[in-house]
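Sequence lines, in order, name chains A and B.
Residue numbering for the first sequence follows full-length UniProt numbering, beginning at 1 and increasing consecutively.
Residue numbering for the second sequence follows full-length UniProt numbering, beginning at 1 and increasing consecutively.
The next block holds one structure in the form of structure tokens; read it before the comments.
2 protein chains.
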Amino acid sequence: MNREYNAVTNEIKEQIKSSVEGKVYVGNEINEDFFHDEMPIYGEGIPDVVVRPKNANDVANVVRICYQNNLPIVPRGAGTGLTGAGVAIKGGVMIDLKSMNQILEYDDDNFVVRVQPGVYLNDLAQDALSRGYMYPPDPGEKFATIGGNVSTNAGGMRAVKYGTTRNYVKEMEVVLPTGEITRFGANVAKTSTGYSLINLMIGSEGTLGIITELTLKLITAPKETVSLVIPYENLDDCISTVPKLFRSNLNPQAIEFMEREIVLTSERFIGKSTFPKELEGIEIGAYLLVTFDGENRDMLDDIVEKAAEVVIEAGAIDVLVADTPAKIKDAWAARSSFLEAIEAETELLDECDVVVPINKIAKYINFVNKEGENYDFSVKSFGHAGDGNLHIYACSNSMEKDEFMRQVHEFMTVIYQKAYEMGGQISGEHGIGYGKKEYLKQFEGELNVNLMREIKKAFDPKFILNPNKII
Amino acid sequence: MNREYNAVTNEIKEQIKSSVEGKVYVGNEINEDFFHDEMPIYGEGIPDVVVRPKNANDVANVVRICYQNNLPIVPRGAGTGLTGAGVAIKGGVMIDLKSMNQILEYDDDNFVVRVQPGVYLNDLAQDALSRGYMYPPDPGEKFATIGGNVSTNAGGMRAVKYGTTRNYVKEMEVVLPTGEITRFGANVAKTSTGYSLINLMIGSEGTLGIITELTLKLITAPKETVSLVIPYENLDDCISTVPKLFRSNLNPQAIEFMEREIVLTSERFIGKSTFPKELEGIEIGAYLLVTFDGENRDMLDDIVEKAAEVVIEAGAIDVLVADTPAKIKDAWAARSSFLEAIEAETELLDECDVVVPINKIAKYINFVNKEGENYDFSVKSFGHAGDGNLHIYACSNSMEKDEFMRQVHEFMTVIYQKAYEMGGQISGEHGIGYGKKEYLKQFEGELNVNLMREIKKAFDPKFILNPNKII
Numbered sequence: 001m002n003r004e005y006n007a008v009t010n011e012i013k014e015q016i017k018s019s020v021e022g023k024v025y026v027g028n029e030i031n032e033d034f035f036h037d038e039m040p041i042y043g044e045g046i047p048d049v050v051v052r053p054k055n056a057n058d059v060a061n062v063v064r065i066c067y068q069n070n071l072p073i074v075p076r077g078a079g080t081g082l083t084g085a086g087v088a089i090k091g092g093v094m095i096d097l098k099s100m101n102q103i104l105e106y107d108d109d110n111f112v113v114r115v116q117p118g119v120y121l122n123d124l125a126q127d128a129l130s131r132g133y134m135y136p137p138d139p140g141e142k143f144a145t146i147g148g149n150v151s152t153n154a155g156g157m158r159a160v161k162y163g164t165t166r167n168y169v170k171e172m173e174v175v176l177p178t179g180e181i182t183r184f185g186a187n188v189a190k191t192s193t194g195y196s197l198i199n200l201m202i203g204s205e206g207t208l209g210i211i212t213e214l215t216l217k218l219i220t221a222p223k224e225t226v227s228l229v230i231p232y233e234n235l236d237d238c239i240s241t242v243p244k245l246f247r248s249n250l251n252p253q254a255i256e257f258m259e260r261e262i263v264l265t266s267e268r269f270i271g272k273s274t275f276p277k278e279l280e281g282i283e284i285g286a287y288l289l290v291t292f293d294g295e296n297r298d299m300l301d302d303i304v305e306k307a308a309e310v311v312i313e314a315g316a317i318d319v320l321v322a323d324t325p326a327k328i329k330d331a332w333a334a335r336s337s338f339l340e341a342i343e344a345e346t347e348l349l350d351e352c353d354v355v356v357p358i359n360k361i362a363k364y365i366n367f368v369n370k371e372g373e374n375y376d377f378s379v380k381s382f383g384h385a386g387d388g389n390l391h392i393y394a395c396s397n398s399m400e401k402d403e404f405m406r407q408v409h410e411f412m413t414v415i416y417q418k419a420y421e422m423g424g425q426i427s428g429e430h431g432i433g434y435g436k437k438e439y440l441k442q443f444e445g446e447l448n449v450n451l452m453r454e455i456k457k458a459f460d461p462k463f464i465l466n467p468n469k470i471i
Numbered sequence: 001m002n003r004e005y006n007a008v009t010n011e012i013k014e015q016i017k018s019s020v021e022g023k024v025y026v027g028n029e030i031n032e033d034f035f036h037d038e039m040p041i042y043g044e045g046i047p048d049v050v051v052r053p054k055n056a057n058d059v060a061n062v063v064r065i066c067y068q069n070n071l072p073i074v075p076r077g078a079g080t081g082l083t084g085a086g087v088a089i090k091g092g093v094m095i096d097l098k099s100m101n102q103i104l105e106y107d108d109d110n111f112v113v114r115v116q117p118g119v120y121l122n123d124l125a126q127d128a129l130s131r132g133y134m135y136p137p138d139p140g141e142k143f144a145t146i147g148g149n150v151s152t153n154a155g156g157m158r159a160v161k162y163g164t165t166r167n168y169v170k171e172m173e174v175v176l177p178t179g180e181i182t183r184f185g186a187n188v189a190k191t192s193t194g195y196s197l198i199n200l201m202i203g204s205e206g207t208l209g210i211i212t213e214l215t216l217k218l219i220t221a222p223k224e225t226v227s228l229v230i231p232y233e234n235l236d237d238c239i240s241t242v243p244k245l246f247r248s249n250l251n252p253q254a255i256e257f258m259e260r261e262i263v264l265t266s267e268r269f270i271g272k273s274t275f276p277k278e279l280e281g282i283e284i285g286a287y288l289l290v291t292f293d294g295e296n297r298d299m300l301d302d303i304v305e306k307a308a309e310v311v312i313e314a315g316a317i318d319v320l321v322a323d324t325p326a327k328i329k330d331a332w333a334a335r336s337s338f339l340e341a342i343e344a345e346t347e348l349l350d351e352c353d354v355v356v357p358i359n360k361i362a363k364y365i366n367f368v369n370k371e372g373e374n375y376d377f378s379v380k381s382f383g384h385a386g387d388g389n390l391h392i393y394a395c396s397n398s399m400e401k402d403e404f405m406r407q408v409h410e411f412m413t414v415i416y417q418k419a420y421e422m423g424g425q426i427s428g429e430h431g432i433g434y435g436k437k438e439y440l441k442q443f444e445g446e447l448n449v450n451l452m453r454e455i456k457k458a459f460d461p462k463f464i465l466n467p468n469k470i471i
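The structure is reproduced here in structure tokens:
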């Protein structure tokens, strides 16, 4: 859908400046970081104005001006997205919500916290922990904003046990694309009060409204955790362990898998060896990294003992136990650096975060690796074995950009097709944004995408909010 | 919104009959049970045609005929709803989905089951258990259909630990109001693939599409359970225990509260005494009924010991442990019969299932009891202390129906108002249906209800599917 918007005149810039308590930047005052997100291959967009609002009224005032003047608006968190969702493709007004970064109030009786959308995940997690709470969602990027996490329904490492961001959002304040302020949801444990507008907002990537406040569910922080590094000869053995772990009711917090190649890439980046590469004369081809949490050490010792039985029975070569904070940090060091490690040694990069049923992971990755041999780029992958969400990277240091993009498009089309044949979907946690919307139409189908477009129209009749994203 | 629909002519009845493999009933062939649900005070509706479809194609064929001829359609499960959502207020064609009641397939690697929408909750729960699985949602009415549970986002006893039906729906096949068949969601553990159409369908009470197949998440059944009956002198002490139980990380499956009066009503109905009424010379005013589950008896013994400390510290008079299936059944006998017990001794009945933050329950119930004294009916209440969802009944055996309804409307308006002041919402699990829609507009606001109406229009441009429900 390609709509025409008006230009942001100097008069409108002045009108915006005089309507907000926060700061407004125009022209050369705007930092180039705002022109793209973490996946610049999807193109740049230069906003005419960047507003750093102080409060919901600032946001509403700016949106109203844009609504009256038919100007595009792009809400933006920390710009750590991987799909171009937070980029001003059509120019216009960018609203930088990092300026609204207060943790407002803990409600200790109802186990919730009220926050502004620009709080960093890292800050919320740390602050909650200092009060004995855990905010369970744990996406890899700790310096994303909570508003961005909600807008993509971010998942992360602990989704296996605790679910995704969706499961922790109870209430939100929203500025609609008309400039009206409303609230969705409530500080209650369950609800069946009309259509779930809050669930529609979650994962809508800033296209239906701008979140200006969130009430999030917390849990009491588990007292102890333990991580296991489990080496296997090959990926099939490694992945076949996962349903067995679930069936034994050990309730892991996280189950990540990684192939030998990506571990080597990451170890080069962090400059140290983390995992064994050969054991009992067998070259290690794949690893599981599993974390359990619990109330006390005895309970975890029991779990580790049972888990060890299950994984050895399933073909693991060994089980390495990390049971102190320092050892756990080491065990996760390679995994935590995968994306940075790939970025550091790659000029041209694209990725997908396809999700498939968990019992299809090995078959799917084997397919992807084989398919990757047909292209001039190299393919690296890792992912969440506990929830079937796979991060697959196409990397090149030698190709022309146009040719890289042509080949990547072909590769992505083939691997998305395979994911859908296996019952999967395009994205587990990164979203659709600007980069994946043609694939959304192709694989979710015109009928579903038309419903999404009509829903978009219901919220945003002029299509001014984050245009050309998702649909 | 009051729209005009066409009449169902004999010609259309014949057209419907010849377009489906299932059965079609017209006129006197239609059982009067289809004229209302379990809350007949919201009025009757007589369908012109009842279709018992065999499959999704039957449903799609009938919907297409209704779409072409501008006829109202009402999808219906077991008719156990409490808001009039499944009643043919405008006549037209009712689709009785109890005829699609097959459990289609268990997927033991991904822990899901694929079912038709007309399967009874009871049948799914039993069948899953026979295979070592638990389907966690546990609404009081076991002979509701799964499709109905999804359409109201039914909650039930175990929502405290396991969440509501929403958390267990992974994929659905839907017939849209245009007669097109589509699928929402996928058999994956997480997704961020465009707007969450599946979450919009959940809780939409048959107004956006007709569910013809569901893929539901299962968990490994816990091996042991134990229930505690905990008597208190008064409701305040009783309710103040709840956050303390959460804070101690004992992870209860269910926490129900009940006042003395409702226990007496229920015991009259089932014909036996279940709970102590006086202990240590203190008259018992309220009870908590708590269930824990776990992997083995030792683990549960530990939990019971810690829970007993917490509740006695919080003011409980005693702790009665039910640790065998027979004792657990007895402990839950009174609670399980509340609705039937009230129905059995009441001529005129209305109810609400308001939800409030858990730390407001006692204050709210005290308000409701006091407010109830201003009316000619009596007020009985019970509810889910672990999630703040309260079932409040207005009961009369002596009032004229019109006067009862006038007074109930006044009472409900006052208590909904109070719930919203405390941060609550209209319904925790029953939905809005026909009976609560004026309250939805009043308390959720025109702005949010207008968004819902535009969403309705996106799915159902002719407003033929379950008209006059929710909005």
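We put the beta carbon where it would ideally sit given N, CA and C, even for glycine.
A/Thr152 belongs to the set of residues whose beta carbon lies under 7 Å from a beta carbon in chain B. In this structure, B/Val50 sits near B/Tyr25, with a CB-CB distance shorter than 7 Å. Look at the stretch 377-421 of chain A and you find these whole runs of alpha helix (DSSP H), each 4 residues long or longer: 401-421.
In the DSSP assignment, B/Val169 is bridged to B/Leu216. Counted as a single uninterrupted DSSP element, the alpha helix (DSSP H) harbouring B/Asp236 occupies residues 235-247. By the 16-neighbour rule on beta-carbons within 10 angstroms, A/Asn199 is buried.
At a cut-off of 7 Å between beta carbons, B/Asn366 makes no contact with chain A. Proximity of chain B to A/Asn187 at the Cβ level (cut-off 7 Å) is accounted for by Pro357, Gly423, in chain order. Taking every protein chain shown into account, the CB of B/Ile282 has fewer than 16 other CB atoms within 10 angstroms, so this residue is exposed. For B/Leu447, the enclosing alpha helix (DSSP H) begins and ends at 446-459.
Secondary structure at A/Leu440: helix, using DSSP grouped into helix, strand and coil.
Taken through DSSP and simplified to helix, strand or coil, B/Gly27 comes out as helix. With distances taken between CA atoms, A/Lys418 lies nearest to A/Pro357 out of A/Pro357, A/Asn468, A/Tyr434. If you compare the alpha carbons of B/Ala78, B/Val63, B/Ile16 with that of B/Phe35, the shortest gap goes to B/Ala78. Interface annotation for the stretch 25-53 of chain A against chain B: empty, criterion Cβ-Cβ distance under 8 Å.
The C-beta of A/Asp109 comes closer than 7 Å to at least one C-beta of chain B.
Where B/Ala344 is concerned, there is no enclosing beta strand (DSSP E), although the alpha helix (DSSP H) around it starts and stops at 338-344.
Burial of B/His391 is indicated by the presence of at least 16 other C-beta atoms within 10 angstroms of its C-beta. B/Ile312 and B/Val319 have their C-alpha atoms roughly 8 Å apart. Closest in alpha carbon position to A/Tyr106, among A/Leu264, A/Asp127, A/Glu38, is A/Asp127.
Here the alpha carbon of B/Asn468 sits roughly 13 Å from the alpha carbon of B/Lys457.
Judged by DSSP in its simplified three-state form, B/Asp301 adopts helix. Runs of the beta strand (DSSP E) lying entirely within the stretch 107-152 of chain A and spanning at least 3 residues, in chain order: 112-115. Residue pairing by DSSP places A/Glu278 opposite A/Glu283 in a beta bridge. Cα atoms of A/Leu218 and A/Ile255: separation of roughly 22 Å, rounded to the nearest angstrom.
Under the DSSP definition of a beta bridge, B/Thr182 partners with B/Val174. Chain-ordered, the chain A residues with CB closer than 7 Å to the CB of B/His430 read Ser192.
Taking 7 Å as the threshold, the shortest C-beta distance from A/Asn57 to chain B does not fall below it. Taking the beta carbon of A/Pro243 as reference, the chain B residues within 9 Å of it are Asp108, Asp109, Asn110, Phe111, listed in sequence order. Rounded to whole angstroms, A/Thr274 and A/Ala322 show a C-alpha spacing of 12 Å. Chain A places a beta carbon closer than 7 Å to that of B/Glu180, counting this residue as a contact.
For A/Asp350, no alpha helix (DSSP H) run applies; the uninterrupted beta strand (DSSP E) run containing it begins and ends at 348-352, by DSSP.
Not a single CB atom of chain B sits nearer than 7 Å to the CB of A/Gly383. Rounded to whole angstroms, the Cβ separation of A/Val169 and B/Gly424 is 17 Å, and the two are not in contact under 8 Å. Closer than 7 Å to the CB of A/Leu82 there is not a single CB belonging to chain B.
Contact residues of the stretch 289-322 of chain A toward chain B are Glu295 (C-beta to C-beta distance below 7 Å).
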